[in-house]
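Protein sequence lines correspond, in order, to chains A and B. All residue numbers for the first sequence refer to this note's numbering, where the first residue is 1 and numbers rise by one. All residue numbers for the second sequence refer to this note's numbering, where the first residue is 1 and numbers rise by one. Comments concern the structure below.
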Amino acid sequence: MSGDSDHYGWAGKILDIDLTTGAIKSLPLDETLARLFLGGRGLGTRFLWDEVGPQVDPLSPANVLIFAAGPLTATGYQTSNRFSVSTKSPLTGTVLDANSGGYWGMQFKKSGYDALIVRGRAEQPVYIEIKPSSEVAVPQVSIRDASTLWGMRVRAVTEKLGQNDNRRNVLCIGPAGENLSRIAAIMNDGQRSLARGGPGAVMGSKNLKAIVVEGKYRPEIQDQELFKFMLYETRKLLRASPLTSQALPEFGTSVVMNLVNNIGALPTRNYQQSQFEGAEAISGEALTDTYLVKNASCWACPIGCTRISKTEKVEGEGPEFETTWAFGAQCGNDDLAAIIEANYLCNDLGMDTISAGSTIACAMELAEKGYLDADLRFGRADLFAQTLEDMAYRRGLGDDLADGSLRLATRYGAPELSMSVKGLEMPAYDPRGMQGQGLLYATSNRGACHMRGNMLGLEVLGLPKLIDRFQVQGKSSYVILHQNTSAMIDSLVICKFTNMGVAEEYFARVLSAVTGIKYATGDLIRVGERVYNLERLYNLREGFSAEDDTLPPRLLNEAVAEGPSKGWVSKLEPMLKEYYRARGWDEQGVPRPQKLAELELHGFSYPKELVP
Amino acid sequence: MIDERIYEQFVEIGRDLYDGGLISSHGGNISVRLGDRVVIKRRGAQLGRLKPHDLIETGLEKNDSGVALASTELLAHRTIYKQTPALAIVHCHPRTAIAFSLSRDEIVPIDNEASYLLKKVPVVTEEYPSGTPEMANKLAAMLQSDKIVMLRGNGSFATGQTLDEAFHWTSTLEESCQIALYAKLINEPFIEYRKMSEAYSKW
Numbered sequence: 001m002s003g004d005s006d007h008y009g010w011a012g013k014i015l016d017i018d019l020t021t022g023a024i025k026s027l028p029l030d031e032t033l034a035r036l037f038l039g040g041r042g043l044g045t046r047f048l049w050d051e052v053g054p055q056v057d058p059l060s061p062a063n064v065l066i067f068a069a070g071p072l073t074a075t076g077y078q079t080s081n082r083f084s085v086s087t088k089s090p091l092t093g094t095v096l097d098a099n100s101g102g103y104w105g106m107q108f109k110k111s112g113y114d115a116l117i118v119r120g121r122a123e124q125p126v127y128i129e130i131k132p133s134s135e136v137a138v139p140q141v142s143i144r145d146a147s148t149l150w151g152m153r154v155r156a157v158t159e160k161l162g163q164n165d166n167r168r169n170v171l172c173i174g175p176a177g178e179n180l181s182r183i184a185a186i187m188n189d190g191q192r193s194l195a196r197g198g199p200g201a202v203m204g205s206k207n208l209k210a211i212v213v214e215g216k217y218r219p220e221i222q223d224q225e226l227f228k229f230m231l232y233e234t235r236k237l238l239r240a241s242p243l244t245s246q247a248l249p250e251f252g253t254s255v256v257m258n259l260v261n262n263i264g265a266l267p268t269r270n271y272q273q274s275q276f277e278g279a280e281a282i283s284g285e286a287l288t289d290t291y292l293v294k295n296a297s298c299w300a301c302p303i304g305c306t307r308i309s310k311t312e313k314v315e316g317e318g319p320e321f322e323t324t325w326a327f328g329a330q331c332g333n334d335d336l337a338a339i340i341e342a343n344y345l346c347n348d349l350g351m352d353t354i355s356a357g358s359t360i361a362c363a364m365e366l367a368e369k370g371y372l373d374a375d376l377r378f379g380r381a382d383l384f385a386q387t388l389e390d391m392a393y394r395r396g397l398g399d400d401l402a403d404g405s406l407r408l409a410t411r412y413g414a415p416e417l418s419m420s421v422k423g424l425e426m427p428a429y430d431p432r433g434m435q436g437q438g439l440l441y442a443t444s445n446r447g448a449c450h451m452r453g454n455m456l457g458l459e460v461l462g463l464p465k466l467i468d469r470f471q472v473q474g475k476s477s478y479v480i481l482h483q484n485t486s487a488m489i490d491s492l493v494i495c496k497f498t499n500m501g502v503a504e505e506y507f508a509r510v511l512s513a514v515t516g517i518k519y520a521t522g523d524l525i526r527v528g529e530r531v532y533n534l535e536r537l538y539n540l541r542e543g544f545s546a547e548d549d550t551l552p553p554r555l556l557n558e559a560v561a562e563g564p565s566k567g568w569v570s571k572l573e574p575m576l577k578e579y580y581r582a583r584g585w586d587e588q589g590v591p592r593p594q595k596l597a598e599l600e601l602h603g604f605s606y607p608k609e610l611v612p
Numbered sequence: 001m002i003d004e005r006i007y008e009q010f011v012e013i014g015r016d017l018y019d020g021g022l023i024s025s026h027g028g029n030i031s032v033r034l035g036d037r038v039v040i041k042r043r044g045a046q047l048g049r050l051k052p053h054d055l056i057e058t059g060l061e062k063n064d065s066g067v068a069l070a071s072t073e074l075l076a077h078r079t080i081y082k083q084t085p086a087l088a089i090v091h092c093h094p095r096t097a098i099a100f101s102l103s104r105d106e107i108v109p110i111d112n113e114a115s116y117l118l119k120k121v122p123v124v125t126e127e128y129p130s131g132t133p134e135m136a137n138k139l140a141a142m143l144q145s146d147k148i149v150m151l152r153g154n155g156s157f158a159t160g161q162t163l164d165e166a167f168h169w170t171s172t173l174e175e176s177c178q179i180a181l182y183a184k185l186i187n188e189p190f191i192e193y194r195k196m197s198e199a200y201s202k203w
């Protein structure tokens, strides 16, 4: 990187709100930090390192919520609508960032800030409002009473606070967050979610119901000519790619349901099988043919993968592929209407659909095997609604399910039946049929995740080229590259689906055009590597170790019984050894000093004896 | 022990490079990064006729006995892997592209496919030959930004996540240069059909 920037791209300011004292501060954004970590997940992780140490309970006032946009946010570049929240996860205890689209992120950046740090705990329920004042450079920020909003569901509170997609945007929690469910999401724009790892519970623990933003600030772009060229080229590529111009708009993210099922990598009935006989009925094609009302898009997105679906009972956004899988194959259910309704309910209660569906699937297996006395059984979609309500309000068995599958399965004596890594429920790809995906889950810093890199492109779709999904040797290289790329994209912040049609070299040039700082593609990937290593250090400081880089025993020991992945288990161990070496980490998974120096992470190491 | 699937990739790409006229009998070089290891063609082996013993594995950072057998281009490949996100490298001698590299500092495609995929290919000069740190560092620096570069009078270096991808950029460049050559031979005024093509020089 070289060059000079005067707040091109970045707004240059951070808003810091202490809910305990009511103090509101505007702080300058450090330019070196911005250059090294960009925004979103990168900047959030960097701030979290300083703010929240290992002594902090995630649900205590000492934890913070860091909402962060990136240098591309609100510039108008394709999919530049996204933002993230960083915090210590109450579900996993790891570093956490969750990421969302819609409109709120764009509007927040237009309020004139790059990040918002919320600390402390309000005595009574409150919400934060950020509005333009007569002076654009000094927004009006207030902490307002939310006692009449507390208890309201997501759609109601979003409407009540005046959601207007392009002008005023609402982010809030629902009952699940208020009741400190460790799988509670933060919702924005009514139906989008910062879902994984329980950030909604952190917001609930602060008595913070909502954050409303309005803005008039527009990010400055240093090289308008190059920026316009990149807009044009990106549009061409997204229109040319069948994935981004046809598959995702026509069928949504569930377009991959049949593809993943056909190769024997669709986890079924809590990962007991790898193919689901009902996949066709819950596929993207089926959704389009039955319950789809129309498509929708996030701000500045030409792809439009969002589904608006309608059943006899509900109409709303979704469901996405992962949600459809979680309440579908994972629960042995092929009733698409029941999935749509469960998704609707999760959004309204403010709950992570992957963790909710997968925790219910875990409970179904616990019940079928006699560990748990409950009516839940695979295929019992009729119990979804009541179970989700009970989880959000912590009623009866729902109180146990509200904290995720690992705590549930441990409580009932069978922790091995939680299909999770580091306590985060695994998404919809079976590592036994996609070897790289298993390594990716095992080493993901926030726990099992398909958004921290995804081998779907290389192992299934052939993006950029198809590689053998069962190959083990060399897989670490691909996993590392995609983890780093993912961290970079989450720091820009844009949508990962653009990367299905547009390569990283475009992002480097767009960022250069916007900020005036020359970023080569390699520089940008190195930002992602820096973020990934800092997240790793954070987890090590929290007491995590190489022992936590693993998969549920089922995936390591129980071979797939039938189908195209028959006979396979995850060959994690050799991949993991290769992974540590390739990352420049020691045998215990600790980044070596030379690697930290290479990534300009001086001063982030800590005494080795702290590592368990 | 090198996975047979990796060997098959080497055989297929090596054969295609020779059959496509992109290398002479013993020219060119290909490699992949496997974690902290590099697999590269044996010194003196023919890319068009690779056998299992023609693939040499050695460390990315550390030497071992493999270096005694590896291609003279090993240093360049290692340096590129260490300084860029590349996981595969294809180096070959595309004739038409080499011819254009003798008179240009960058090759800007005029055909649709290469305009779409490459935008612009930089040409660099290095007085030191293959295998020297000077050339290796210069190439690696260029490949931070560009997925394929031309070494003037020598050939192309292309990177990708797979050999297949690096080969894609290579064959696209040579095809583009052949089209440009034909256009020169036809010698009629060029009709610009690409919107904003003037911005390719900023790529």
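By construction, the Cβ of each residue, glycine as well, lies at the ideal position given by its N, Cα and C atoms.
Query	Result
Rank A:Cys301, A:Ala326, A:Gly9, A:Leu43 by C-alpha distance to the C-alpha of Leu116 (chain A) and give the top, closest one.	A:Leu43
What three-state label does DSSP hand Lys369 (chain A) in the structure shown?	coil
By DSSP, does Gly616 (chain A) sit in helix, in strand, or in coil?	The structure shown does not extend to residue 616 (chain A), since chain A is modelled only from 1 through 612, so no value can be given for it.
Which residue from A:Glu233, A:Leu226, A:Glu312, A:Ala329 puts its Cα closest to that of Gln272 (chain A)?	A:Ala329
I'd like to know whether the C-beta of Tyr478 (chain A) is nearer than 8 Å to at least one C-beta of chain B.	yes
Quick one: using the 10 Å Cβ neighbour count with 16 as the cut-off for buried, is Ile191 (chain B) buried or exposed?	exposed
Any beta-carbon of chain A closer than 8 Å to the one on Val11 (chain B)?	no
Consider the Cβ of Lys138 (chain B): report whether some Cβ of chain A lies at a distance smaller than 8 Å.	no
In whole angstroms, what separates the C-alpha of Cys331 (chain A) from that of Arg394 (chain A)?	21 Å
Any heavy atom of the ligand GDP closer than 7 Å to the Cβ of Gly40 (chain A)?	The ligand GDP is absent from the structure shown, which contains no ligands of any kind.
For Ser31 (chain B), which three-state DSSP category applies?	strand
Would a check of beta-carbon distances place Met1 (chain A) closer than 8 Å to chain B?	Its pLDDT being 43, under 50, Met1 (chain A) is placed unreliably in this model, and the value from its coordinates should be taken loosely. With 8 Å as the cut-off, Met1 (chain A) does not count as an interface residue toward chain B.
If we count the other Cβ atoms within 10 Å of its Cβ and call it buried at 16 or more, is Val138 (chain A) buried or exposed?	exposed
Is Ile263 (chain A) close to chain B, meaning its C-beta is less than 8 Å from at least one C-beta of that chain?	no
With Leu401 (chain A) and Thr353 (chain A) assumed to form a contact (beta carbons below 8 Å), what rounded beta-carbon distance in angstroms separates them?	So it is not a contact: roughly 14 Å between Cβ atoms.
Name, going along the chain, the residues of the segment 24-43 of chain B whose beta-carbon falls closer than 9 Å to a beta-carbon of chain A.	Val32, Arg33, Leu34, Gly35, Asp36, Arg37, Val39
Could you tell me the alpha carbon to alpha carbon distance between Ser147 (chain A) and Ile128 (chain A), rounded to whole angstroms?	13 Å
Establish whether the CB of Ile614 (chain A) and some CB of chain B are separated by less than 8 Å.	There is simply no residue 614 (chain A) to check, as chain A begins at 1 and stops at 612 in what is shown.
Does the separation of the CB atoms of Leu613 (chain A) and Glu600 (chain A) fall below 8 Å?	Lying before the first or after the last residue shown, residue 613 (chain A) is absent from chain A, which here runs from 1 to 612.
Whole angstroms is fine: what's the gap from Thr79 (chain A)'s alpha carbon to Cys298 (chain A)'s?	7 Å
Fully enclosed by the segment 472-511 of chain A, which alpha helix (DSSP H) runs are 4 residues long or longer?	475-492
Around the C-beta of Lys138 (chain B), are 16 or more other C-beta atoms found within 10 angstroms, so that it is buried, or is it exposed?	buried
Excluding the 5 residues flanking Pro612 (chain A) on each side, which residues of the same chain have their C-beta closer than 7 Å to its C-beta?	The predicted position of Pro612 (chain A) is uncertain, since its pLDDT is 36 and thus under 50; a value taken from the coordinates is nonetheless stated next. Once the five neighbours on either side are set aside, the close Cβ partners of Pro612 (chain A) are Gly543, Ser545.
Keeping to the same chain, check which residues put their C-beta closer than 6 Å to that of Thr324 (chain A); ignore five residues upstream and five downstream.	Ser254, Ile282, Ile339
By DSSP's criteria, Pro122 (chain B) is part of a beta bridge. Which residues make up the other side?	B:Glu106
Got a sec: is the Cβ-Cβ distance from Arg394 (chain A) to anything in chain B below 8 Å?	no
Would you say the segment 155-165 of chain B touches the segment 84-96 of chain B, given that touching needs at least three Cβ pairs under 8 Å?	yes
Who are the near neighbours of Tyr193 (chain B) in its chain, counting only those whose CB is closer than 6 Å to its CB and skipping five residues on each side?	none
Short check: CB of Gly404 (chain A) to CB of Gly423 (chain A), under 8 Å?	yes
Residues in its own chain within less than 6 Å of Asp430 (chain A) by CB, not counting five upstream and five downstream?	Ala265, Pro267, Ser274
Taking C-beta pairs closer than 9 Å, name the residues in chain A that Thr84 (chain B) reaches, listed in chain order.	Ala520, Thr521, Gly522, Ile525
Taking all protein chains shown into account, decide if Glu504 (chain A) is buried (16 or more other Cβ within 10 angstroms of its Cβ) or exposed.	buried
Looking at the unbroken beta strand (DSSP E) that takes in Pro175 (chain A), where does it start and where does it end?	It is not in any beta strand (DSSP E) - Pro175 (chain A) instead sits in the alpha helix (DSSP H) that spans 175-178.
Going by CA-CA distance only, name the one from A:Cys305, A:Ser355, A:Ile14, A:Asn343 that's closest to Pro28 (chain A).	A:Ile14
If distances are taken between C-alpha atoms only, which option among B:Ala76, B:Ser71, B:Glu174 comes closest to Gly20 (chain B)?	B:Glu174
Using only alpha-carbon positions, find the residue among B:Ile107, B:Gln83, B:Arg152, B:Leu34 that is nearest to Glu127 (chain B).	B:Arg152
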